[in-house]
Amino acid sequence: MGTTPHLSVLVPVYNEEENLADLGREVREALASVDYEAVLVDDGSTDRSFEEIQKLAKADPRFKAVRLGTNFGQTAAMAAGIAHANGRIIACLDSDLQNDARDIPKLMAKLDEGYDVVSGWRKDRQDKMVTRRLPSQAANALISWATGVHLHDYGCTLKLYKAEYIKPLRLYGEMHRFIPAFAGFMGARITELPVNHRARTRGVSKYGLWRIVKVALDLMTVKFLDEYLAKPNYLFGGSGFALLGVSGLCAAETLYKKFALGVFVKDQPLFHVAVFCAVVGVQLVLMGLLAEIMVRVYYETRGRQSYFVRETVNL
Numbered sequence: 204m205g206t207t208p209h210l211s212v213l214v215p216v217y218n219e220e221e222n223l224a225d226l227g228r229e230v231r232e233a234l235a236s237v238d239y240e241a242v243l244v245d246d247g248s249t250d251r252s253f254e255e256i257q258k259l260a261k262a263d264p265r266f267k268a269v270r271l272g273t274n275f276g277q278t279a280a281m282a283a284g285i286a287h288a289n290g291r292i293i294a295c296l297d298s299d300l301q302n303d304a305r306d307i308p309k310l311m312a313k314l315d316e317g318y319d320v321v322s323g324w325r326k327d328r329q330d331k332m333v334t335r336r337l338p339s340q341a342a343n344a345l346i347s348w349a350t351g352v353h354l355h356d357y358g359c360t361l362k363l364y365k366a367e368y369i370k371p372l373r374l375y376g377e378m379h380r381f382i383p384a385f386a387g388f389m390g391a392r393i394t395e396l397p398v399n400h401r402a403r404t405r406g407v408s409k410y411g412l413w414r415i416v417k418v419a420l421d422l423m424t425v426k427f428l429d430e431y432l433a434k435p436n437y438l439f440g441g442s443g444f445a446l447l448g449v450s451g452l453c454a455a456e457t458l459y460k461k462f463a464l465g466v467f468v469k470d471q472p473l474f475h476v477a478v479f480c481a482v483v484g485v486q487l488v489l490m491g492l493l494a495e496i497m498v499r500v501y502y503e504t505r506g507r508q509s510y511f512v513r514e515t516v517n518l
């Protein structure tokens, strides 16, 4: 096997000691004819998960282990795995055996049709309706609407990416579920396929309803990064000028009542509204200018570009 495998299977792990032996067996069987590596990231497990990962690595050199210092969360674990993955294609897979590793070759075949991202769709999902499936359906609809990248199942970990679309990403919070959207912002060709989903039989789910709030907050960040990262003044400055316009209308109304109707300024609530909107509007305009400066510092000091090159010819 070469130093750059065709496929990297990225598996974040947190307290899944009971499932890892079977996971390793399934991956080996499913990818027997594929040049691959499996990068298992232990996200600060408190059970014997890392010992089980070490066993897999000792038995098969294609299995690699990354151990984080403490529990940073799934997004951080996936970011660490992406950084250590060497494959031209990166497949993300859950460690709880609810994803089926045998679906990976099917997704790879779809990727070969010219797509850059193939997302798994748990069409027949084996989870509780009220606490898992209904919130997930609502979140998928909201994310699809907000990002313009329409998928049935953003929450399904089983996804395949061409490495060039996922390696440059910097992931924080609960951003891992938005990776297809980030790839879409870069022009990636995205599709999805129904995949097998199995009920959890061992271990405890790490997901709760509190995650819905986190996803909603992160979605606001994703929307901002999509539309306003390069030109934040369009958001802040535009909002500031809108408030200044409201302030001008309120001030004009105040002056009209003062000189035409003889109503004293102190008796007109709109005067206070005009002053408030003017102050906040000026602050937003100045904030937009500061944000523009920060964006330029971001791109120039880090050597980042404001574009993504898909391919070149004769260069």
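Using this note's numbering, read the sequence shown as starting at 204 and increasing by one per residue. Ideal Cβ placement from N, Cα and C applies to all residues, glycine included.
- For K365, which residues does DSSP report across the bridge? For this step, residue 365 is matched to residue 162 along the sequence shown. Per DSSP, I292.
- Item | DSSP beta-bridge partners of R270 | Counting from 1 along the sequence shown, the entry for residue 270 is found at position 67. In the DSSP assignment, the residues bridged to R270 are D245.
- Locate the beta strand (DSSP E) running through V216, then write down its first and last residues. Translated into positions along the sequence shown, residue 216 becomes position 13. Taken as a continuous stretch (DSSP letters only), the beta strand (DSSP E) holding V216 covers 210-216.
- Note down the Cα distance separating L372 from A454, rounded to an integer number of angstroms. One-based indexing of the sequence shown puts residue 372 at position 169. One-based indexing of the sequence shown puts residue 454 at position 251. Going by C-alpha positions, L372 is about 47 Å away from A454.
- Message: Give me the DSSP bridge partner(s) of E400.
- Response: Along the sequence shown, one-based indexing puts residue 400 at 197. The residue you asked about is not Glu; residue 400 is His in the sequence shown. N302, per the DSSP bridge assignment.
- Query: Thinking C-alpha only, which one of I293, V466, A286 is nearest L271?
  - Reply: Here residue 271 refers to the residue found at position 68 when the sequence shown is read from its first residue. Nearest of I293, V466, A286 to L271, Cα basis: A286.
- Can the beta-carbon of I292 be found less than 7 Å from the beta-carbon of A233? Within the sequence shown, residue 292 is the residue found at index 89, counting from 1. Within the sequence shown, residue 233 is the residue found at index 30, counting from 1. At least 7 Å separates the beta-carbon of I292 from that of A233.
- Taking buried to mean at least 16 other C-beta atoms within 10 Å of its own C-beta, is E151 buried or exposed? An answer regarding residue 151 cannot be provided, because it is not within the stretch 204 to 518 covered by the chain.
- Inter-residue spacing [alpha-carbon to alpha-carbon] between W552 and R228: Nothing about residue 552 can be read from this structure; the chain reaches only from 204 to 518.
- Message: Which of the three DSSP states is assigned to E240 in this structure?
- Response: Locating residue 240 in the sequence shown gives position 37, counting from the first residue. Per DSSP, reduced to three states, the secondary structure at E240 is strand.
- Does DSSP put V320 in a helix, a strand or coil? Here residue 320 refers to the residue found at position 117 of the sequence shown. Correct three-state label for V320: strand.
- Closer than 6 Å: F462 CB and nearest the ligand SAH heavy atom: In terms of ligand content, the structure shown is empty, and the ligand SAH therefore cannot be addressed.
- Message: Please classify H400 as buried or exposed, where buried requires at least 16 other C-beta atoms within 10 Å of its C-beta.
- Response: Here residue 400 refers to the residue found at position 197 of the sequence shown. So H400 ends up on the buried side.
- Task: Could you tell me whether the region 430-448 touches the region 358-366, where touching means 3 or more Cβ pairs closer than 8 Å?
- Result: Result no; under three Cβ-Cβ pairs closer than 8 Å.
- Query: Can you list, in chain order, the residues of its chain whose CB lies under 8 Å from that of G205, leaving out five sequence neighbours each side?
  - Reply: On the sequence shown, residue 205 is found 2 positions in, with the first residue counted as 1. Because G205 carries a pLDDT of 47, less than 50, the predicted location of this residue cannot be relied on, and no value is offered for it.
- Task: Compare the beta carbon distance of P383 and I369 with 7 Å and say whether it is the shorter of the two.
- Result: Residue numbering aside, residue 383 sits at position 180 when the sequence shown is read from its first letter. Residue numbering aside, residue 369 sits at position 166 when the sequence shown is read from its first letter. By the CB criterion at 7 Å, P383 and I369 fall outside the cutoff.
- How about K313 and L396: do their beta carbons lie closer than 7 Å? Residue numbering aside, residue 313 sits at position 110 when the sequence shown is read from its first letter. Residue numbering aside, residue 396 sits at position 193 when the sequence shown is read from its first letter. Inclusion of K313 and L396 in the CB contact set at 7 Å is warranted, their separation being smaller than that value.
- Query: With C-beta atoms as the reference, is V522 less than 7 Å away from L310?
  - Reply: Outside the shown range of the chain (204 to 518) lies residue 522, about which nothing can therefore be said.
- Would the region 493-500 and the region 473-481 be scored as touching if the rule is three or more Cβ pairs under 8 Å? Counting C-beta pairs with one atom in each stretch, the region 493-500 and the region 473-481 have fewer than three that are closer than 8 Å, which means they do not touch.
- Message: On a Cα-Cα basis, can you pick out the residue from F439, F266, L473, A463 that is closest to V449?
- Response: The residue given as residue 449 occupies position 246 in the sequence shown. Nearest neighbour of V449 by Cα position, chosen from F439, F266, L473, A463, turns out to be L473.
- Of the residues D297, V398, R405, which one's Cα is nearest the Cα of L243? Stepping through the sequence shown from its first residue, residue 243 is reached at position 40. Proximity to L243 across D297, V398, R405 peaks at D297, based on C-alpha coordinates.
- Message: Which of the three DSSP states is assigned to E221 in this structure?
- Response: If you number the sequence shown from 1, residue 221 lands on position 18. Secondary structure at E221: coil, using DSSP grouped into helix, strand and coil.
- Note down the Cα distance separating L447 from V485, rounded to an integer number of angstroms. Translated into the one-based positions of the sequence shown, residue 447 becomes position 244. Translated into the one-based positions of the sequence shown, residue 485 becomes position 282. Rounded to whole angstroms, the separation of the alpha carbons of V485 and L447 is 7 Å.
- Item | Helix, strand or coil at T424 [DSSP, three-state] | What you label residue 424 is simply residue 221 of the sequence shown in a count that begins at 1. In this structure, T424 counts as helix in the three-state DSSP scheme.
- For T207, which residues of its own chain have a beta-carbon under 6 Å away from its beta-carbon, when the five flanking residues on both sides are left out? Within the sequence shown, numbered from 1, the residue matching residue 207 stands at position 4. Answer for T207: N289, listed in chain order.
- Query: Out of curiosity, what's the CA-to-CA distance linking N302 and V398?
  - Reply: On the sequence shown, position 99 is the one that residue 302 refers to. On the sequence shown, position 195 is the one that residue 398 refers to. Going by the C-alpha atoms only, they are around 8 Å apart.
- Item | Inter-residue Cα distance where the pair is A402 and R231 | Taking the sequence shown and counting its residues from 1, one reaches residue 402 at position 199. Taking the sequence shown and counting its residues from 1, one reaches residue 231 at position 28. Between A402 and R231, the C-alpha separation is close to 21 Å.
- With distances taken between CB atoms, is the gap from G317 to N274 smaller than 7 Å? Stepping through the sequence shown from its first residue, residue 317 is reached at position 114. Stepping through the sequence shown from its first residue, residue 274 is reached at position 71. Between G317 and N274, the CB-CB gap reaches or exceeds 7 Å.
- Item | Exposed unless 16 or more other CB atoms sit within 10 angstroms - verdict on G440 | Here residue 440 refers to the residue found at position 237 of the sequence shown. Buried: at least 16 other Cβ atoms inside 10 Å.
- Any C-beta of chain D sitting closer than 7 Å to the C-beta of M378? Absent from the structure: chain D. Only one protein chain is present.
- Query: Taking C-alpha atoms, which residue in A391, A463, L518 lies nearest to Y510?
  - Reply: Sequence index remark: in the sequence shown, residue 510 carries index 307 (1-based). It is A391 whose Cα lies nearest to the Cα of Y510.
- Return the chain-ordered list of same chain residues with a C-beta closer than 6 Å to the C-beta of V216, the five sequence neighbours on each side being excluded. Indexing the sequence shown from 1 puts residue 216 at position 13. Here the set comprises L243, D245, S252, S298.
- Task: Please report how far the alpha carbon of E377 lies from the alpha carbon of K417, in whole angstroms.
- Result: Within the sequence shown, residue 377 is the residue found at index 174, counting from 1. Within the sequence shown, residue 417 is the residue found at index 214, counting from 1. The C-alpha of E377 lies about 7 Å from the C-alpha of K417.
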